[in-house]
Structures are given as structure tokens and as C-alpha cells.
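Chemist:
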Amino acid sequence: MAIATEQALPRILTGIGEEPMAELESHLDVHGPLPDLRRWSPEQIISVVERSGLRGHGGASFPMATKLRAVASRRKPKILVANGTEGEPASKKDRVLLRELPHLVLDGAAIAARAVGAGEAVIAISDVDERSARSLELAVDERQHAGLRGDPQFQLFGAPERWLTGQESALVNVLNGGPGKPTFGPRPFERGVRQRPTLVQNVETLAHLALIARHGADWFRLLGTDRDPGSALVTVAGAVSAPGVYEIEHGMPLEELLQTADGREPLSAVLLGGYFGTWLPGAHIRGVRLAAEHLAEHGASLGAGVIVALGQSACPVAETARIADYFAAQSAGQCGPCTNGLGAVADTVQQLATGTASAGARAELARWGKDIKGRGACQHPDGAVRFVSSALRVFAEDFDDHARHGPCPRCSHPPALPATPIPAFPVAR
Amino acid sequence: MRVAVDPIQCVAHGLCAELLPERIRLDDWGYPILDGEPVPRELVGIARRAADACPTLALLLEPDGK
Chain S
0 MAIATEQALP RILTGIGEEP MAELESHLDV HGPLPDLRRW SPEQIISVVE
50 RSGLRGHGGA SFPMATKLRA VASRRKPKIL VANGTEGEPA SKKDRVLLRE
100 LPHLVLDGAA IAARAVGAGE AVIAISDVDE RSARSLELAV DERQHAGLRG
150 DPQFQLFGAP ERWLTGQESA LVNVLNGGPG KPTFGPRPFE RGVRQRPTLV
200 QNVETLAHLA LIARHGADWF RLLGTDRDPG SALVTVAGAV SAPGVYEIEH
250 GMPLEELLQT ADGREPLSAV LLGGYFGTWL PGAHIRGVRL AAEHLAEHGA
300 SLGAGVIVAL GQSACPVAET ARIADYFAAQ SAGQCGPCTN GLGAVADTVQ
350 QLATGTASAG ARAELARWGK DIKGRGACQH PDGAVRFVSS ALRVFAEDFD
400 DHARHGPCPR CSHPPALPAT PIPAFPVAR
Chain Z
0 MRVAVDPIQC VAHGLCAELL PERIRLDDWG YPILDGEPVP RELVGIARRA
50 ADACPTLALL LEPDGK
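Those sequence lines, one after another, are chains S and Z. For the first sequence, position 402 matches number 401 in numbering that gives the first Met the number 0, and the numbering has no gaps at all. For the second sequence, position 60 matches number 59 in numbering that gives the first Met the number 0, and the numbering has no gaps at all.
1) Alpha carbons only, please: which of Arg142(S), Ala169(S), His404(S) and Asp28(S) is nearest the one belonging to alanine 352(S)?
2) Please indicate yes or no: does the CB of glycine 382(S) lie closer than 7 Å to some heavy atom of the ligand GTP?
3) With 8 Å as the limit, tell me which residues of the stretch 13–32 of chain Z have their beta carbon closer than that to any beta carbon of chain S; keep them in chain order.
4) Out of Pro380(S), Ala402(S) and Gly281(S), state which residue places its alpha-carbon closest to the alpha-carbon of glutamine 349(S).
5) At a CB distance below 9 Å, what residues from the stretch 339–366 of chain S approach chain Z? Give them in sequence order.
6) Do the stretch 43–50 of chain Z and the stretch 17–29 of chain Z touch if we need at least three Cβ pairs shorter than 8 Å?
7) Counting only beta-carbon separations shorter than 8 Å, does alanine 49(Z) have a partner in chain A?
8) I need the straight-line Cα distance from threonine 55(Z) to glycine 368(S), nearest angstrom please.
9) Does any C-beta atom of chain Z lie closer than 8 Å to the C-beta of glycine 335(S)?
10) Taking the straight line between their C-alpha atoms, what separation do you get for glycine 281(S) and valine 384(S)?
11) Shorter than 8 Å from the beta carbon of aspartate 34(Z) to some beta carbon of chain S?
12) Can you have a look at aspartate 261(S) and say buried or exposed, based on whether 16 or more other CB atoms are within 10 angstroms of its CB?
13) Mapping the DSSP letters down to three states, classify leucine 12(S) as helix, strand or coil.
14) Taking the alpha-carbon of alanine 59(S) as reference, which of Val235(S), Phe275(S), Pro181(S) and Leu391(S) has the nearest alpha-carbon?
15) At least one CB of chain Z closer than 8 Å to the CB of arginine 385(S): is that the case?
16) Would you list, in chain order, the members of the stretch 173–207 of chain S that have their beta-carbon closer than 9 Å to a beta-carbon of chain Z?
17) Leaving out five residues before and five after serine 131(S) in sequence, what residues of the same chain have Cβ atoms less than 7 Å from its Cβ?
18) What is the DSSP secondary structure of alanine 209(S), counted as helix, strand or coil?
19) Is there a C-beta anywhere in chain S that falls below 8 Å from the one on alanine 11(Z)?
20) Quick check: what's the CA-CA separation for arginine 54(S) versus methionine 20(S)?
21) Please classify glutamine 333(S) as buried or exposed, where buried requires at least 16 other C-beta atoms within 10 Å of its C-beta.
22) Give the interface partners of proline 6(Z) over in chain S, defined as CB-CB distance under 9 Å, in chain order.
23) Report the rounded CA-to-CA distance for alanine 360(S) versus alanine 291(S), giving the unit in angstroms.
24) Looking only at DSSP bridge pairs, what is proline 31(Z) linked to?
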């Protein structure tokens with residue numbers, strides 16, 4: 000049984016594998032009951048969140064308190080959307096949470112709903128994620144039967160499984176009956192689901208909130224660094240023998256995490272922060288700590304917590320070409336700079352990989368990288384060109400080699416970066 | 000005043016760059032790239048005309064500081 004003052008890890012993952020944590024009884028045994036929310040004013044909740052320093056775990060690391068305030072200050076009735084759609088093929092942590100620890104997510108959703116004044120909470124997951132759907136349905140049922148006080152009206156929603164589905168405005172769009180494409184104009188906190196001010200929050204962020212409500216802001220800050228307090232769920236993939244979801248303290252050395260996940264070969268690089276993230280060369284792994292302020296020195300962030308180890312037996316050029324293709328295919332096809340730009344970037348990277356590119360190909364990629372950035376309705380094009388330019392920088396020698404001599408023997412290595420062939424948007428007409 | 004583009008509405012007619020080259024150039028695919036600078040007083044009339052001329056009404060005029 001966990002004690003309120005306990006500092007050690009795990010926090011979120013407490014009880015997993017030991018107790019049937021998906022059941023309300025075990026959840027309450029391990030974490031204790033949630034404080035009676037009706038005795039907390041919205042502002043009290045928001046100020047605890049503010050003092051905790053909790054940031055979003057969906058990728059953008061936005062301070063949660065700022066977001067709560069933006070929604071809470073609007074006049075109309077609000078809606079909460081717990082975002083568990085997890086469109087990134089390499090990420091697994093939200094699924095683990097939804098399947099194994101649904102009550103932690105629902106607790107957090109109840110608190111966030113209370114903080115912004117929302118009577119409804121939509122839990123959005125991928126429509127092919129049946130295990131999470133089942134676990135959440137059972138959990139919501141259990142809570143209703145137990146008569147948990149302070150719960151909002153929960154509603155489950157299956158959104159199309161796609162890279163872009165989890166993007167805030169795209170998720171609001173699909174919840175409003177649209178095709179699930181990002182929108183331009185009012186942001187969800189202004190006008191979201193059914194025109195109401197909408198708080199969209201990643202499910203892991205809500206799970207942290209569930210623990211902060213129980214133990215307080217100071218407890219939360221016992222782990223982590225000054226700028227990046229608390230713990231985080233990360234998904235480790237690639238050249239490790241024990242890939243999967245781990246809970247880490249912010250500030251943990253990357254090397255230690257890779258050892259825990261049992262790195263099985265020398266690494267040429269590590270991708271930090273997922274596919275919209277940054278490559279860290281293998282030689283720079285030592286000394287890197289997994290906290291915002293340390294990662295910023297390497298131009299990286301933890302994002303949604305995806306860390307992919309690229310072994311020396313894999314070809315970084317082939318991997319980059321494959322993911323560049325995937326990004327182009329996952330574009331919503333709405334904005335010209337994204338539709339045309341990502342296609343051109345993917346084609347050119349492919350030409351570099353096969354040794355058929357023109358002499359000016361890399362200069363052109365660099366120019367496109369600058370031109371494309373910031374010109375879509377969402378950040379999809381920005382993330383895609385960041386990934387490619389990071390790869391061109393870190394793997395410059397490999398790209399040189401391919402540009403001159405074409406594919407290398409490592410190009411046929413099985414893909415290290417998963418790119419689940421999840422359907423892109425249906426082509427219009 | 001500044002100019003902005005609704006990237007979803009824009010279909011690269013390119014009139015804006017023709018009318019307001021001081022603030023707008025086109026990328027390799029004909030879509031406008033804005034330099035983000037304010038529109039000086041003497042160009043405000045032209046900027047308005049450019050916004051009106053856009054066939055998809057994708058060119059937007061915004062007050063400064065937004």
C-alpha cells in the first residue's frame with residue numbers, strides 16, 4: 000500500500016502487475032480515495048496545479064494550470080476531453096494507462112472537469128483500441144455503481160486511428176462530427192466541442208493530476224528537476240531487449256534508462272521525443288538527463304515520451320526516408336505548404352537514400368525546412384521537417400555515403416522506427 | 000496592421016504576392032510566405048485590396064499585437 004509521503008517511483012505505475020488495478024477496489028486500496036471535490040473551489044484546484052508545475056504529457060509540454068485557467072475563465076458551459084488517442088505509432092504509454100489504470104485517468108478527468116466547470120468529460124481513444132474501450136467501460140460502470148461523488152458525466156468516444164487524430168483541433172473536429180482534420184481559427188479553449196470552451200488534456204497528464212490532488216503540489220515536486228518536476232511515462236523502442244513503457248523521474252540519465260531497457264548493441268543514435276523529436280548522436284548519450292532544461296541544450300524535449308534507440312546495424316538514411324514518407328502520407332491534405340512540401344521533402348530524401356538526388360538536394364531540403372515551418376493550420380509540417388533536418392545533421396556522413404554510392408547493406412535491416420500502416424485520410428473524390 | 004493567411008482556405012492563386020510583394024512572396028508551390036512585419040500606413044489600402052481580391056478570402060488583415 001502506498002503512503003502519502005512516499006517519494007520513490009513508481010507513482011503512476013504503482014500496483015501494476017501486483018494488484019488488479021483496473022478494478023475500483025484495488026485502485027482505492029492502493030491510492031486511497033480522492034478528496035471530496037465538492038469542497039474544492041475551481042481556483043483552489045488550479046492553484047495547486049500551478050504550484051506543482053505539472054505540464055502536459057501529450058507532446059507540447061504546455062503548463063496545465065495556464066490551460067485550465069484559459070478554459071475556466073470562459074462563460075459558457077465547458078467540456079473536458081481526455082485525449083487517449085495516441086496516434087504516434089511508437090508510443091504505448093497512454094494505452095497502458097487506459098487499459099491498466101483507468102481509474103487514475105478518470106479521477107484526473109473528474110478533477111480537471113471540476114477545475115474548469117465542466118459537467119461532461121469525453122474520454123477519446125482510438126476506435127481500434129478495443130481493450131482500452133472495455134477497460135474504461137467497466138471502470139465507468141463501477142464508479143456509477145459505487146456512487147462516486149464528484150464524477151462528471153463520462154462518455155467514451157472512438158476516434159479514427161491516425162497520426163493527426165490526437166491534434167487538439169482535429170480531435171475537436173471529429174467529436175463535432177467532422178472528418179478529424181485540424182482547423183484554423185478559434186482554438187478549442189475558445190470554441191470546441193459543440194461550440195463550447197473545451198479543455199483537451201492528455202490522459203497521462205490527468206493521471207498525474209489524480210495523484211497531485213491526493214498528495215499535494217509539494218509531494219509532486221519531491222521528484223524531478225526545478226523546471227521539470229515529477230515523473231513521466233516513457234515508451235522505449237528500437238534496439239533494446241526490453242522495449243516498453245517505463246515510469247522515470249524527470250532528470251534521470253538517458254544512459255540509465257537505456258541500460259534498464261537492456262540495450263543490446265552499440266547505438267548510432269537515440270531519437271528523443273518521438274517522431275517530431277530530435278536525434279541525439281550515440282557519442283552524446285553519456286551525460287544527457289531526461290528533463291526539459293537539460294534536453295533543451297541538445298535542442299530536444301521529451302515530448303510525449305517516446306525514445307527510440309537506433310542500433311548500429313540499422314541504416315539511419317533508410318529509416319529517415321521511411322518516416323518522411325509516412326509524414327507526407329499522414330498529412331490532412333488541407334494546407335498547401337504541408338501537402339506539397341512534405342511530399343517534396345519525402346521524395347528528395349528518398350532520392351538521397353538511393354543515390355539519385357541532384358547535387359543541390361540537401362540545400363533544397365534546408366530551404367524547404369525553413370519555408371514550410373509555421374505555415375500549416377497545425378504543427379504537423381513543422382514536426383516533420385524538424386525530424387528530417389535533425390536526421391540530415393546527425394547522420395550527415397551516412398547521407399553523404401548514400402548520395403554517392405546509393406543504398407547500403409544496412410538499408411535492408413528490418414525497420415527500427417515503427418510506422419504502423421494506419422490509414423491516412425481518405426482521398427477526396 | 001498585419002496580414003495573415005488561412006492556410007486551409009488558400010489554394011495558391013498568388014494574387015496577394017503580386018499586389019503586396021513588400022510583405023508576401025511565394026514558395027516553390029505558389030503558396031504565400033509572409034514576412035510577419037507590420038503593414039506600413041502607405042500600404043494599408045493595397046493590403047485591403049489584396050485581401051478583397053483573394054478568390055478564396057484566405058488573406059486576412061489583423062490588428063497589430065495579435
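Ideal Cβ positions, reconstructed from N, Cα and C, are used throughout, including at glycine.
Modeler: Reading off the structure:
1) His404(S)
2) This structure simply doesn't include the ligand GTP, nor any ligand for that matter.
3) Asp26, Asp27, Trp28, Gly29, Tyr30 and Ile32
4) Ala402(S)
5) Asn339, Gly340, Ala343, Glu363 and Arg366
6) yes
7) No chain A is part of this structure, whose protein chains are labelled S and Z.
8) 26 Å
9) yes
10) 22 Å
11) no
12) exposed
13) coil
14) Phe275(S)
15) no
16) Lys180, Pro181, Thr182, Phe183 and Gly184
17) Gly83, Arg94, Leu97, Arg98 and Ile124
18) helix
19) yes
20) 25 Å
21) buried
22) Phe183, Gln333, Cys334, Gly335, Pro336, Cys337, Arg374, Gly375 and Ala376
23) 33 Å
24) Leu25(Z)
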